[in-house]
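Visitor: Position in the sequence shown (first residue = 1) + 9 = this note's numbering.
Handing you this structure, nothing more for now.
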Amino acid sequence: MIKACIYVSKSYQKPPIFMKISASIKVLMAKLLVLLLLLISNLVEASGELSPYYYEESCPLAEEIVRQVVTEEVYRNPRIAASLLRLHFHDCFVLGCDASILLDDAGDIVSEKNAVPNLNSVRGFNVIDRAKAVLEEACPLTVSCADILAIAARDCVHLRGGPSWEVYLGRKDSLKASLTAANQMIPAPNFTLAQLISNFKAQELDIVDLVTLSGSHTIGRSRCTSFKQRLYTPQIYLELDYHRRYSVFFSTLRSMCPASGRDNALVPLDLKTSRRFDNQYFFNLLRGKGLLQSDNELVSEDPDGEVLSLVWAYASNQELFFKHFAKSMIKMGNINVLTGDEGEVRHNCRYVNKYYH
10 MIKACIYVSK SYQKPPIFMK ISASIKVLMA KLLVLLLLLI SNLVEASGEL SPYYYEESCP
70 LAEEIVRQVV TEEVYRNPRI AASLLRLHFH DCFVLGCDAS ILLDDAGDIV SEKNAVPNLN
130 SVRGFNVIDR AKAVLEEACP LTVSCADILA IAARDCVHLR GGPSWEVYLG RKDSLKASLT
190 AANQMIPAPN FTLAQLISNF KAQELDIVDL VTLSGSHTIG RSRCTSFKQR LYTPQIYLEL
250 DYHRRYSVFF STLRSMCPAS GRDNALVPLD LKTSRRFDNQ YFFNLLRGKG LLQSDNELVS
310 EDPDGEVLSL VWAYASNQEL FFKHFAKSMI KMGNINVLTG DEGEVRHNCR YVNKYYH
């Protein structure tokens, strides 16, 4: 009886045919998955829509390459994280997310870098150049500069403690730039709430997007010239906040930005956690410590409305802010994108291909 049981047990433990079938099924499933991803990628490219799988076959390491470059740069210089995020924002608000902001003067191209909101202000071009150079070695003429900007913006936010999100890819690079549009479409630091709402609406972004994306001011710095006026000029619209002009906060700002001189001195947008992406920005607004006038407009011009409610919601719930921020970044990254034959993939992000030598 014991021998019989041992015999049955040993026989049961030898399933080589089942093991072979199982292994074959796994290989088959893996091949089918690859084919499916390839099919999805081809269909997306043909349809002109953005997709997280756009480079799955043509450059599978694209996002990893950008992430590696951005990680090295951010750890070397934490301030560059805010610069890369701002670069993506300034690109998308002018003509769309098409990397037009990266173009230098060449031929009939007049660079957007010379626009008032960008001149001596926007940074991070060298990081995009470096990522592009590595990508051109790995996958020549495949990954667009516009997509590099979108990936870099996501990665720098995450590296500073903020949320991550799936970046939809497949943008093509613009064949032109617009200095005029750059001077008109990028919101100014002294915009009123009505101007901000109108500006965002022109990009098909709503009030939630406005408040959420304003939260990017939780990292980075601003030049004194962008907010000095509100330190030394009476604010007729803010009787409620008049006493705050003499608070420690305003005294600190005046010491950093005297009435004359030091216009290009840099001051953290969030004096408390300037290198960390968190919801501290919204606490600052509720305490009257927003740096830019456009920041303070979110609480001073809508005391009982949706805007103030969102500020309170994000101040009390960082997870909600992160969730909405990711959604708004995806939405912003879809503004007037070029796909298919509408643009090109540049050899060098600073020049359209016909001017690149």
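Cβ atoms here follow ideal geometry from the backbone N, Cα and C, with glycine treated the same way.
Using 8 Å for Cβ pairs, my map puts N199 next to Q238. What's the rounded Cβ distance?
Guide: Within the sequence shown, numbered from 1, the residue matching residue 199 stands at position 190. Within the sequence shown, numbered from 1, the residue matching residue 238 stands at position 229. That pair is a contact at about 7 Å.
Visitor: Measuring only the C-alpha atoms, how far is A55 from L168?
Guide: The residue you call residue 55 lines up with position 46 of the sequence shown. The residue you call residue 168 lines up with position 159 of the sequence shown. Residue confidence for A55 is low, a pLDDT of 46 falling below 50, so the modelled location carries little weight; the figure read from the coordinates is stated next. Cα-Cα distance, rounded: 34 Å.
Visitor: Is T221 closer than 9 Å to L278 when the C-beta atoms are compared?
Guide: Along the sequence shown, one-based indexing puts residue 278 at 269. Along the sequence shown, one-based indexing puts residue 221 at 212. No, Cβ-Cβ distance for L278 and T221 is not below 9 Å.
Visitor: Just to confirm the assignment: which complete alpha helix (DSSP H) runs, minimum length 4, are found wholly within the region 135 to 177?
Guide: DSSP runs (the alpha helix (DSSP H)) wholly in the region 135 to 177: 154 to 168.
Visitor: Helix or strand or just coil, what does DSSP make of D182?
Guide: Reading the sequence shown from its first residue, position 173 is the one you call residue 182. Three-state result, D182: strand.
Visitor: Do R182 and G349 have their C-beta atoms closer together than 9 Å?
Guide: Looking up residue 182 in the sequence shown gives position 173. Looking up residue 349 in the sequence shown gives position 340. A small correction: the amino acid at residue 182 is Asp; Arg does not occupy that position in the sequence shown. Against a cut-off of 9 Å, the Cβ pair of G349 and D182 comes out as no contact.
Visitor: Just confirm the distance between the C-beta atoms of D138 and C358, as a whole number of angstroms; I'd bet it's less than 8 Å.
Guide: Numbered from 1 along the sequence shown, position 129 holds the residue referred to as residue 138. Numbered from 1 along the sequence shown, position 349 holds the residue referred to as residue 358. 6 Å between Cβ atoms; contact.
Visitor: Apart from the five residues just before and just after E248, which ones in its own chain have a Cβ nearer than 6 Å to its Cβ?
Guide: Working through the sequence shown from its first residue, we reach residue 248 at position 239. With a pLDDT of 49 at E248, under the threshold of 50, the modelled position of that residue is not reliable, and the figure given next carries that caveat. Once the five neighbours on either side are set aside, E248 has no close Cβ partner at all.
Visitor: Using beta-carbon positions only, say whether A90 and V152 come within less than 9 Å of one another.
Guide: One-based indexing of the sequence shown puts residue 90 at position 81. One-based indexing of the sequence shown puts residue 152 at position 143. The answer is no: Cβ separation not under 9 Å.
Visitor: Here's the rule I'm using: 16 or more other beta-carbon atoms within 10 Å means buried, otherwise exposed. How should N273 be labelled?
Guide: Counted from its first residue, the sequence shown places residue 273 at position 264. With fewer than 16 Cβ atoms within 10 Å of its Cβ, N273 is classed as exposed.
Visitor: Would you mind working out which of E81, L112, I118 and G170 sits nearest A140, comparing C-alpha positions?
Guide: Within the sequence shown, the letter at position 131 stands for residue 140. Ranking the options by Cα distance to A140, first place goes to E81.
Visitor: I'd like the span of the alpha helix (DSSP H) that includes R76, first residue to last.
Guide: Taking the first residue of the sequence shown as position 1, residue 76 is located at position 67. Per DSSP, R76 belongs to the alpha helix (DSSP H) from A71 to R85.
Visitor: What first and last residue would you give for the alpha helix (DSSP H) that runs through R230?
Guide: Against the sequence shown, residue 230 aligns to sequence position 221. R230 -> not in any alpha helix (DSSP H); beta strand (DSSP E) instead, spanning R230 to R232.
Visitor: Going by alpha carbons, who is nearest to A335 out of V83, G116, A162 and V78?
Guide: Start at 1 with the first residue of the sequence shown, and residue 335 comes out as number 326. Out of V83, G116, A162 and V78, A162 has the C-alpha closest to the C-alpha of A335.
Visitor: Which residues bound the alpha helix (DSSP H) around V7?
Guide: Shown here, the chain extends from 10 to 366; a query on residue 7 therefore has no answer.
Visitor: Give me the residue from R76, L150 and K122 with the minimum Cα distance to V136.
Guide: The residue labelled residue 136 in the question sits at position 127 within the sequence shown. Checked all of R76, L150 and K122; the closest Cα to V136 is R76.
Visitor: Terminal residues of the continuous beta strand (DSSP E) containing V2?
Guide: In the structure displayed, the chain extends from 10 to 366; residue 2 sits before or after that span and is not available.
Visitor: Assuming the contact rule is C-beta atoms closer than 8 Å, S303 and P196 should be a hit. Round their C-beta distance to whole Å, please.
Guide: Your numbering for residue 303 matches position 294 in the sequence shown. Your numbering for residue 196 matches position 187 in the sequence shown. Yes, S303 and P196 are in contact; Cβ-Cβ is about 7 Å, under 8 Å.
Visitor: Determine the direct distance from the alpha carbon of S283 to that of Y364, and round the result to whole angstroms.
Guide: Residue mapping note: residue 364 aligns to position 355 of the sequence shown, counting from 1. Residue mapping note: residue 283 aligns to position 274 of the sequence shown, counting from 1. One C-alpha to the other measures close to 40 Å.
Visitor: Could you please give me the residues that DSSP links to L347 through a beta bridge?
Guide: On the sequence shown, position 338 is the one that residue 347 refers to. The partner list for L347 (beta bridge, DSSP) reads K181.
Visitor: In chain order, what residues of the same chain have a beta carbon less than 6 Å from the beta carbon of L112, not counting five sequence neighbours either side?
Guide: Counting from 1 along the sequence shown, the entry for residue 112 is found at position 103. So the qualifying residues of the chain are I118, S120 and A186.
Visitor: Could you give the residue range of the beta strand (DSSP E) that holds V276?
Guide: The residue you call residue 276 lines up with position 267 of the sequence shown. Looking at the DSSP string, the run of the beta strand (DSSP E) that includes V276 is L275 to P277.
Visitor: Would you mind working out which of Y241, C101, G314 and L184 sits nearest F209, comparing C-alpha positions?
Guide: Walking along the sequence shown from the start, residue 209 turns up at place 200. The shortest Cα separation from F209 among Y241, C101, G314 and L184 belongs to C101.
Visitor: E213 by DSSP, collapsed to three states: which one?
Guide: Within the sequence shown, residue 213 is the residue found at index 204, counting from 1. Coil at E213, not helix or strand.
Visitor: Determine the closest residue to M95 out of I74, V131, D114 and V78, with distance taken between C-alpha atoms.
Guide: The count along the sequence shown starts at 1 and reaches residue 95 at position 86. For the record, residue 95 in the displayed sequence is Arg; it is not Met. Nearest C-alpha to R95: V131.
Visitor: On the three-state DSSP scale, how would you describe I118?
Guide: Reading the sequence shown from its first residue, position 109 is the one you call residue 118. Here I118 sits in strand by DSSP.
Visitor: Could you give the distance in angstroms between the alpha-carbon of L240 and the alpha-carbon of R263?
Guide: By 1-based counting over the sequence shown, the position of residue 240 is 231. By 1-based counting over the sequence shown, the position of residue 263 is 254. Approximately 7 Å, taken between the alpha carbons.
Visitor: Hey, out of L158, Q289 and V83, whose CA is closest to F331's CA?
Guide: Here residue 331 corresponds to residue number 322 of the sequence shown, with the count starting at 1. It is Q289 whose Cα lies nearest to the Cα of F331.
Visitor: Relative to the alpha-carbon of D107, which residue among C266, T201 and V354 has its alpha-carbon at the smallest distance?
Guide: Here residue 107 is taken as the residue at index 98 of the sequence shown, counted from 1. Of C266, T201 and V354, the residue nearest in Cα terms is V354.
Visitor: Under DSSP, the alpha helix (DSSP H) around A91 begins and ends at which residues?
Guide: Here residue 91 corresponds to residue number 82 of the sequence shown, with the count starting at 1. I89 to C101 is the extent of the alpha helix (DSSP H) around A91.
Visitor: Report the rounded CA-to-CA distance for E310 versus L188, giving the unit in angstroms.
Guide: Residue 310 sits at position 301 when you count from the first residue of the sequence shown. Residue 188 sits at position 179 when you count from the first residue of the sequence shown. Distance between the alpha carbons of E310 and L188 is about 31 Å.
Visitor: Quick one: what's got a C-beta closer than 6 Å to D156's C-beta in the same chain, skipping five residues either side?
Guide: Against the sequence shown, residue 156 aligns to sequence position 147. Only L178 and R180 meet the Cβ criterion.
Visitor: For V53, which residues from the same chain have a beta carbon less than 8 Å from its beta carbon, with the 5 sequence-adjacent residues on both sides left out?
Guide: Within the sequence shown, numbered from 1, the residue matching residue 53 stands at position 44. Caution applies to V53, whose pLDDT of 47 falls short of 50 and renders its modelled position unreliable; the model cannot decide the point.
Visitor: Could you have a look at Y365 and say whether DSSP puts it in helix, strand or coil?
Guide: Sequence index remark: in the sequence shown, residue 365 carries index 356 (1-based). Reduced to three states, the DSSP call for Y365 is coil.
Visitor: By DSSP's criteria, Y360 is part of a beta bridge. Which residues make up the other side?
Guide: As a position in the sequence shown, residue 360 is number 351, starting the count at 1. According to DSSP, Y360 bridges with N357.
Visitor: Use the C-beta contact count for H97: other C-beta atoms within 10 angstroms, 16 or more gives buried, fewer gives exposed.
Guide: By one-based count along the sequence shown, residue 97 stands at place 88. By the 10 Å Cβ count, H97 comes out buried.
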